[in-house]
Amino acid sequence: MRILGFFISLVFLSMGVFAQNQELKPLKRARDWVPSKVFLSADLAGLLRLTTPGNVQTEFQGKVDFDSFFLTIDAGYLRTDLDRIGDGSNFNYESNGLFYRVGPQVDFMPYNKDWSQLYFGFMYGWSRFEDKIQYQNTNSIYVSPNEQPISLDNERIKARWLEANFGLSAHIVGPLYMGYVLRFKFAPSVKGAGELYPWEIPGYGRADRTGRFGFNYHITYKLGFRNKKVPLRPGEKPQ
Amino acid sequence: MIPKSRFLFGLVLLSFSLVWACTQEPDCDNERPYDLVSIGLYQAETETLTQIDTSEMPIRWVKVFYEDSAYYVANSQDSGYFNFKVQLNPNSPEILVAIRELVDTTFLHLKYEKQLEWLSEECGPMHRYEELELTESTTLDSVVINDPLVNFQVDENIRIFY
Chain S
1 MRILGFFISL VFLSMGVFAQ NQELKPLKRA RDWVPSKVFL SADLAGLLRL
51 TTPGNVQTEF QGKVDFDSFF LTIDAGYLRT DLDRIGDGSN FNYESNGLFY
101 RVGPQVDFMP YNKDWSQLYF GFMYGWSRFE DKIQYQNTNS IYVSPNEQPI
151 SLDNERIKAR WLEANFGLSA HIVGPLYMGY VLRFKFAPSV KGAGELYPWE
201 IPGYGRADRT GRFGFNYHIT YKLGFRNKKV PLRPGEKPQ
Chain P
1001 MIPKSRFLFG LVLLSFSLVW ACTQEPDCDN ERPYDLVSIG LYQAETETLT
1051 QIDTSEMPIR WVKVFYEDSA YYVANSQDSG YFNFKVQLNP NSPEILVAIR
1101 ELVDTTFLHL KYEKQLEWLS EECGPMHRYE ELELTESTTL DSVVINDPLV
1151 NFQVDENIRI FY
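Chains as they are written, first to last, in the numbering used here: chain S, 1 to 239; chain P, 1001 to 1162.
What follows is the structure in structure tokens.
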């Protein structure tokens, strides 16, 4: 009977310790995985380029929130025209195509009352484009000075790459935000190129480089479709 | 207010980046495609690799034929043409090389892969050649592809044994 009493005391004692441990554990923030808003962004430099003649590289972004994470989708368009004939050079290159990126981002400022963000993300990018060149090799004995330039083209090139990005989006006024994103693009792969190797992959940059940095300055519009309160920090009491 | 030391560090980093970027930009005038295939002539039936003695076996000329034209690579007035270089044609995936001896002529039909690759935005593209192969020859059993790559580091692409 004494032994039984000892075991019962031990069980109650351990329950007390367990309860104490529960109290010592840090409080966790309540997660809210249901999307509440969409951020629609445009690249400012790309928008400005649309208003001027010549090369175009413009892109747009949409991202939807899942608690402190985002699913981000980018889409853009590139048109390049390098006209170097008659300027001591000997080629005229044109390229145009669409590109897309998709990937997750994590927000390091989920408690910001204005939904400003400091984020880090990974993306998978892909592109479909075409290019063509008129080119004259002026150093070859086979090519006479009066000869017409050779024409080469790729009608359908596919490219893909990976990307890590880091950015900031700060609330300006109302539903408007502005911010930048710094990108490191790597592991490119090009398929479908013939004799002409492309100069540039839309959304990636110079095609023959294994890694590229990129920078975008975004203007963003927040479109909320559900009233979601800014989450409280662990231990913070609602006001 | 940005501390002075951080500002100076940023300035030095920016300057270094600009200098580094400039050194990456090639000088267009110094760049040209490497499009030469080196061919060496050697004596057959010798244990060691021995170049032919042109006084004993004179070669009258070496020509490359393309379309309706031909160009001389070397002729009898040149000396030491037991090793000569033939330029590849950027407008064609193949060339025909003819080596004229006193009586006979050796023909080499060469094929190669070519790709137009970029040097820079300002310099533009230039051809790169590779995968050189001999598709036909009048003396096929005595011609060897020594190295199918076409670049500065290759001493000799083709060896012909007489």
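Quick reminder that beta carbons are idealized off the backbone N, C-alpha and C, glycines included. Fair warning: this is a prediction, and the values are worked out from it, not measured in the lab.
Contact belief for residue i with residue j at Cβ below 8 Å, rounded distance in angstroms
i, j, result
"Val-1103 (chain P)", "Val-1086 (chain P)", "Incorrect: roughly 22 Å between the Cβ atoms, too far for contact."
"Pro-1058 (chain P)", "Met-1126 (chain P)", "Incorrect: roughly 37 Å between the Cβ atoms, too far for contact."
"Phe-225 (chain S)", "Lys-63 (chain S)", "Contact flag wrong, Cβ pair sits at about 14 Å."
"Tyr-124 (chain S)", "Arg-101 (chain S)", "7 Å"
"Gly-97 (chain S)", "Leu-78 (chain S)", "6 Å"
Per-residue DSSP class, three states only, for residue i
i, result
"Leu-47 (chain S)", "helix"
"Ser-1142 (chain P)", "helix"
"Ser-1120 (chain P)", "strand"
"Phe-66 (chain S)", "strand"
"Phe-1009 (chain P)", "helix"
"Asn-1030 (chain P)", "helix"
"Glu-1088 (chain P)", "Before going on, a small fix: residue 1088 (chain P) reads as Leu here, not Glu. Residue state, collapsed to three classes: coil."
"Glu-59 (chain S)", "strand"
"Ser-41 (chain S)", "strand"
"Val-1154 (chain P)", "coil"
"Leu-1096 (chain P)", "strand"
"Gly-174 (chain S)", "coil"
"Leu-1102 (chain P)", "coil"
"Met-109 (chain S)", "coil"
"Val-34 (chain S)", "coil"
"Trp-161 (chain S)", "strand"
Buried versus exposed call for residue i [16 or more other C-beta atoms within 10 Å across all chains shown]
i, result
"Gly-174 (chain S)", "exposed"
"Leu-191 (chain S)", "One point to set straight first is that residue 191 (chain S) is Lys, not Leu, in the sequence displayed. Exposed is the call here."
"Gln-105 (chain S)", "buried"
"Arg-156 (chain S)", "exposed"
"Gln-1051 (chain P)", "exposed"
"Gly-1124 (chain P)", "buried"
"Ser-127 (chain S)", "buried"
"Arg-233 (chain S)", "exposed"
"Leu-82 (chain S)", "buried"
Short Cβ contact (8 Å threshold) for residue i with residue j
i, j, result
"Asn-227 (chain S)", "Tyr-180 (chain S)", "no"
"Ile-1160 (chain P)", "Ile-1039 (chain P)", "yes"
"Asn-1089 (chain P)", "Tyr-142 (chain S)", "yes"
"Leu-223 (chain S)", "Leu-48 (chain S)", "no"
Separation of residue j from residue i, as counted between CA atoms
i, j, result
"Leu-1116 (chain P)", "Gln-136 (chain S)", "11 Å"
"Thr-80 (chain S)", "Val-1012 (chain P)", "33 Å"
"Ala-42 (chain S)", "His-171 (chain S)", "15 Å"
"Glu-1122 (chain P)", "Gln-117 (chain S)", "39 Å"
"Ile-1095 (chain P)", "His-1109 (chain P)", "6 Å"
"Gln-134 (chain S)", "Pro-1093 (chain P)", "18 Å"
"Phe-1009 (chain P)", "Phe-166 (chain S)", "22 Å"
"Asp-67 (chain S)", "Phe-122 (chain S)", "17 Å"
"Val-1062 (chain P)", "Val-1073 (chain P)", "5 Å"
"Lys-132 (chain S)", "Gly-205 (chain S)", "17 Å"
"Tyr-1042 (chain P)", "Asp-1147 (chain P)", "16 Å"
"Ile-201 (chain S)", "Glu-236 (chain S)", "48 Å"
"Arg-1100 (chain P)", "Phe-1107 (chain P)", "9 Å"
"Phe-99 (chain S)", "Pro-188 (chain S)", "13 Å"
"Asp-1053 (chain P)", "Tyr-93 (chain S)", "50 Å"
"His-218 (chain S)", "Met-178 (chain S)", "6 Å"
"Lys-185 (chain S)", "Pro-35 (chain S)", "28 Å"
Heavy atom of the ligand PLP within 7 Å of residue i beta-carbon
i, result
"Thr-1050 (chain P)", "The ligand PLP is not part of this structure, which contains no ligands at all."
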